[in-house]
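Asker: For what it's worth, full-length UniProt numbering labels the leading residue of the sequence shown as 1, then goes sequentially. Each residue gets a CB set at the ideal place from its N, CA and C atoms; glycine is no exception. Sharing a structure, written as structure tokens. Questions coming.
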Amino acid sequence: MSQNQTKKEVEIKKTDEKNQDQEKDQKQELKVKKETKEKEETPLVPVFFPSDESSDEYENELLNDLETRFTNNTIKEEEIFNVCKSNFQYHKSPIKALSVSNNHILTLSEDKVCCVWDLPEITEEKEKEEKEEEKEEKEEKEEEKEEKEEEKKEEEKEEEKEQEEQEQEQEKTSNSENESTQTKKPLSIMNDHTTEIVDASFDCFGEMFATAERNAKIFVYDRKTSEKIATLEGPYTIEWIRWHPKGPVLVAGSSIGNTWMWMIKKRQSKTNKEKLRVKAQFLGTFSGHSGCVNCGEWSNDGQNVITCGEDCQTKVWWPKTAECLVTWSGPSWHKNPINIMTIAHNDMLMLTGDTGGYVKLVHLPKIRILSTFKVANVPILSNIWEFKNDKKYPGFSRVTAIEFIRPKPWFVSGCLDGNLRIFDMNSSQTRQKIQFKSEITKIVTHPENLLIHVAFADGNILTLDSRNGKIVKKFQKHKSRIIDMKLDLERNQIYSCDNQGVVYSFEL
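The following block contains the structure:
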């Protein structure tokens, strides 16, 4: 009996071991299936980090890895939307800046030309939308009546509906083919500049606009008459200009570490009401950066000016006294020149990005650094080469765009290497990673629907859902690098300009 028992126990053990092995094999197969599904669903390829960076094989492997990652995120033809409402064509050289006011667009190009364009009034568009809504409501009511009356004849109804839908689709396609994009002409053209134009912008009221040239001159124009009403002598070399969010005050950053500030007072003449009396008053200089002031912004309440420089420093200024209130620098701050920044709508948070692919999150009232984010895949290395010309490619991980995503505690970043990431500021974790083939030049976020609009160097514009990173729309109209992009919430449109001197408006 004892021998039989031992044999049975041995057999039971063997069967148990076989069952365990089978379960393990099944689990492994399930894991492999899940991994393959995830790879197929996600457009990302893991970042390649070789061990030996000094060898010649490292460069080839790194470049091969970049090429494989850049071939991802393809889009079906069904997802392409070439809905261009109008185009603005006059410039014969690349457009450098784009500004949008209530009813006008301001563009400036490398050929020292500045143009003002007219936009349709918002009231007319609202009336059209209301009429369209009324038509839709009438159609819905008619359909409901037909459904109630013809409940017995469901089959016939389905056939009729199919025919109607086909006819409607044919009408839509024919209308879309017949409708061509409107080519607009500029209202006014300014050729006053003698050197390269750097920046241009409308004031907060849309009544004036300023254009800055690199040779220390800023021209201020009246929007209604397009007449030059003031000339400001600025710092040595101007890099950018910004209007005050609530008044006629203008600041300009320079390449020698200074930021200048003026007030432009405009009023009607007592003797002749048609003429304007303009007084440009120099208010002060913000001095403190040891290099070029790369970017700067007013706080949304207009109480402070914040500047970022080539010296890897960020400073907060008090405009009334030109005093520097806060300076961020040192080992806990950026180690590379800061080239981009953005401030939250409530002035609580600020994001700064540098040429090394890092972003800092700052709490402004508490003057505290909250988090540091690595947003680029490729670091700045001496052994990264350009694909075609076999030349060194420095700054490949430069941060080109950062924006807050309202109303969520998220932000999105884009880099020169085509890497887009969405971060959660509460947990400091990455929510989405998407690697694109082309460079990201501009990102604009919608404050209500969590959509992200991304412009690329290949001329495409993508609309992404920030919750899952999926592509909602793709606009293909530009044939060259997109330089700037603005979002018009009132008209629900996007305006974008490119290297060929063309501005397109896309309806969202």
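1) Assuming L361 and S371 form a contact by the criterion Cβ under 8 Å, report the distance between their Cβ atoms to the nearest whole angstrom.
2) Report the residue from G357, P331, R368, I422 whose alpha carbon sits nearest the alpha carbon of V316.
3) For the beta strand (DSSP E) containing C295, name the first residue and the last one.
4) Using 10 angstroms around the beta-carbon of L30, count the other beta-carbons present and answer buried if the total reaches 16, otherwise exposed.
5) Using only CA atoms, which one of N346, P319, Q313, W410 lies nearest to E330?
6) Return the CA-CA distance between S255 and I238, expressed in angstroms with no decimal places.
7) Which class does E155 belong to by DSSP, given the choice of helix, strand or coil?
8) Let me know if I189 comes out buried or exposed under the rule of 16 or more other beta-carbons within 10 Å of its beta-carbon.
9) Which one or two residues does DSSP pair with K217 in a beta bridge?
10) Would you kindly work out how many angstroms separate the C-alpha atoms of H478 and A457, rounded to a whole number?
11) Residue ranges of each alpha helix (DSSP H) run of no fewer than 4 residues wholly in the region 447–485, ordered along the chain?
12) I need the straight-line Cα distance from V326 to T400, nearest angstrom please.
13) Which complete beta strand (DSSP E) runs does the region 322–389 hold, if anything under 3 residues is left out?
14) Roughly how many angstroms separate the alpha carbons of R467 and F436, rounded to a whole number?
15) Can you name the residues that DSSP bridges to H104?
16) DSSP three-state label for D25, please.
17) Spatial neighbours of D199 within its chain, please: CB distance less than 6 Å, with the 5 preceding and 5 following residues excluded, ordered by chain position.
18) What residue range is occupied by the uninterrupted beta strand (DSSP E) comprising D203?
19) Is the separation between the beta-carbon of D203 and that of P248 shorter than 8 Å?
20) Return helix, strand or coil for N258, following the three-state DSSP convention.
21) List the DSSP bridge partners of D222.
22) Starting from the Cα of residue 513, find the closest Cα among G291, D311, G284 and give me that residue.
23) Taking the beta carbon of S93 as the centre, do at least 16 other beta carbons fall within 10 Å, making it buried, or is it exposed?
24) Where does E403 sit, in a helix, a strand or coil, going by DSSP?
25) Leaving out five residues before and five after N346 in sequence, what residues of the same chain have Cβ atoms less than 8 Å from its Cβ?
26) Going by DSSP, which residues form a beta bridge with T445?
27) Output the distance between the C-alpha atoms of P394 and L108, rounded to the nearest integer angstrom.
28) Check T15 in the structure and name its three-state DSSP category.
29) For N492, I'd like the list of residues in its chain whose CB is within less than 8 Å of its CB, leaving aside the five on either flank, ordered along the chain.
30) Rounded to the nearest angstrom, what separates H91 and N499 at their Cα positions?
31) Assign I12 to buried or exposed, taking buried as 16 or more other Cβ atoms, counted over all protein chains shown, within 10 Å of its Cβ.
32) Could you give the first and the last residue of the continuous beta strand (DSSP E) run that contains S188?
33) Can you tell me whether L487 is helix, strand or coil according to DSSP?
34) Apart from the five residues on each side of it in sequence, which residues of its chain come closer than 7 Å, Cβ to Cβ, to Y221?
35) Please say whether T307 and G353 have beta carbons closer to each other than 8 Å?
36) Taking all protein chains shown into account, decide if F411 is buried (16 or more other Cβ within 10 angstroms of its Cβ) or exposed.
Answerer: Taking the coordinates as given:
1) Here residue 361 refers to the residue found at position 361 of the sequence shown. Here residue 371 refers to the residue found at position 371 of the sequence shown. For L361 against S371, the beta-carbon gap comes to about 4 Å, under 8 Å, which counts as contact.
2) Residue 316 sits at position 316 when you count from the first residue of the sequence shown. Answer by Cα proximity: R368.
3) Taking the first residue of the sequence shown as 1, we reach residue 295 at position 295. Its beta strand (DSSP E) spans residues 293–298.
4) Within the sequence shown, the letter at position 30 stands for residue 30. L30 sits exposed, since fewer than 16 C-beta atoms from the chains shown fall within 10 Å of its C-beta.
5) Against the sequence shown, residue 330 aligns to sequence position 330. Correcting the residue identity first, residue 330 is Gly in this sequence and not Glu. Residue Q313 is the option with its Cα nearest to G330.
6) Walking along the sequence shown from the start, residue 255 turns up at place 255. Walking along the sequence shown from the start, residue 238 turns up at place 238. Put simply, the backbone Cα of S255 is about 7 Å away from that of I238.
7) Taking the sequence shown and counting its residues from 1, the one referred to as residue 155 is at position 155. It is helical.
8) For the purposes of this step, residue 189 is taken as the residue at position 189 of the sequence shown. Classification of I189: exposed, given that the 10 Å Cβ count is below 16.
9) For the purposes of this step, residue 217 is taken as residue 217 along the sequence shown, with counting starting at 1. Partner(s): E213, E233.
10) To locate residue 478, count along the sequence shown from 1; it is residue 478. To locate residue 457, count along the sequence shown from 1; it is residue 457. Taking the straight line from one Cα to the other gives about 10 Å.
11) Positions of the alpha helix (DSSP H) runs, each at least 4 residues long and wholly inside the region 447–485, cannot be given because no such run exists.
12) As a first step, residue 326 is located in the sequence shown; it is residue number 326 there, counting from the start. As a first step, residue 400 is located in the sequence shown; it is residue number 400 there, counting from the start. The straight-line gap from Cα to Cα measures roughly 25 Å.
13) The DSSP assignment places 323–328, 338–343, 349–354, 358–363, 368–374 as complete runs of the beta strand (DSSP E) inside the region 322–389, in order along the chain (cut-off: 3 residues).
14) If you number the sequence shown from 1, residue 467 lands on position 467. If you number the sequence shown from 1, residue 436 lands on position 436. Rounded to whole angstroms, R467 and F436 show a C-alpha spacing of 18 Å.
15) Translated into the one-based positions of the sequence shown, residue 104 becomes position 104. According to DSSP, which records beta bridges pairwise, H104 is partnered with D118.
16) Along the sequence shown, read from residue 1 onward, the residue named residue 25 stands at position 25. Helix, per DSSP.
17) Here the question's residue 199 lines up with position 199 in the sequence shown. A97, A212, W240, I241, listed in sequence order.
18) Within the sequence shown, numbered from 1, the residue matching residue 203 stands at position 203. Unbroken run through D203: none, as it is neither H nor E.
19) Along the sequence shown, read from residue 1 onward, the residue named residue 203 stands at position 203. Along the sequence shown, read from residue 1 onward, the residue named residue 248 stands at position 248. Cβ atoms of D203 and P248: closer than 8 Å.
20) Walking along the sequence shown from the start, residue 258 turns up at place 258. Strand.
21) By one-based count along the sequence shown, residue 222 stands at place 222. In DSSP, D222 forms a bridge with M208.
22) Nothing can be reported for residue 513, as the shown portion of the chain is limited to 1 through 508.
23) Locating residue 93 in the sequence shown gives position 93, where the first residue counts as 1. Counting other Cβ atoms within 10 Å of its Cβ, S93 stays below 16 and is therefore classed as exposed.
24) For the purposes of this step, residue 403 is taken as residue 403 along the sequence shown, with counting starting at 1. Under the three-state reduction of DSSP, E403 is assigned to strand.
25) For this step, residue 346 is matched to residue 346 along the sequence shown. Correct list, in chain order: N300.
26) Looking up residue 445 in the sequence shown gives position 445. Answer is I452, bridged to T445.
27) In the sequence shown, counting from the first residue as 1, residue 394 sits at position 394. In the sequence shown, counting from the first residue as 1, residue 108 sits at position 108. Caution is warranted here: a pLDDT of 47 is assigned to P394, below 50, making its placement in the model unreliable, and the coordinate value is therefore given only provisionally. Distance between the alpha carbons of P394 and L108: 28 Å.
28) By 1-based counting over the sequence shown, the position of residue 15 is 15. Residue state for T15 is assigned as helix, using DSSP reduced to three classes.
29) Position 492 of the sequence shown holds residue 492. Counting only residues of its own chain and dropping the five nearest sequence neighbours on each side, N492 has a CB closer than 8 Å to the CB of E507, L508.
30) Position 91 of the sequence shown, counted from the start, is the residue given in the question as residue 91. Position 499 of the sequence shown, counted from the start, is the residue given in the question as residue 499. C-alpha separation (whole angstroms): 10 Å.
31) On the sequence shown, residue 12 is found 12 positions in, with the first residue counted as 1. Exposed, since its Cβ has fewer than 16 Cβ neighbours within 10 Å.
32) The count along the sequence shown starts at 1 and reaches residue 188 at position 188. Judged by DSSP secondary structure, S188 falls within the beta strand (DSSP E) whose first and last residues are 188–190.
33) Start at 1 with the first residue of the sequence shown, and residue 487 comes out as number 487. L487 falls in the strand class under three-state DSSP.
34) Taking the sequence shown and counting its residues from 1, one reaches residue 221 at position 221. Once the five neighbours on either side are set aside, the close Cβ partners of Y221 are M190, M208, F209, E227, K228, I229.
35) One-based indexing of the sequence shown puts residue 353 at position 353. One-based indexing of the sequence shown puts residue 307 at position 307. Note that the C-beta distance between G353 and T307 is not below 8 Å.
36) Mapped onto the sequence shown, residue 411 falls at position 411. The residue in question, F411, is buried, as its Cβ has 16 or more Cβ neighbours within 10 Å.
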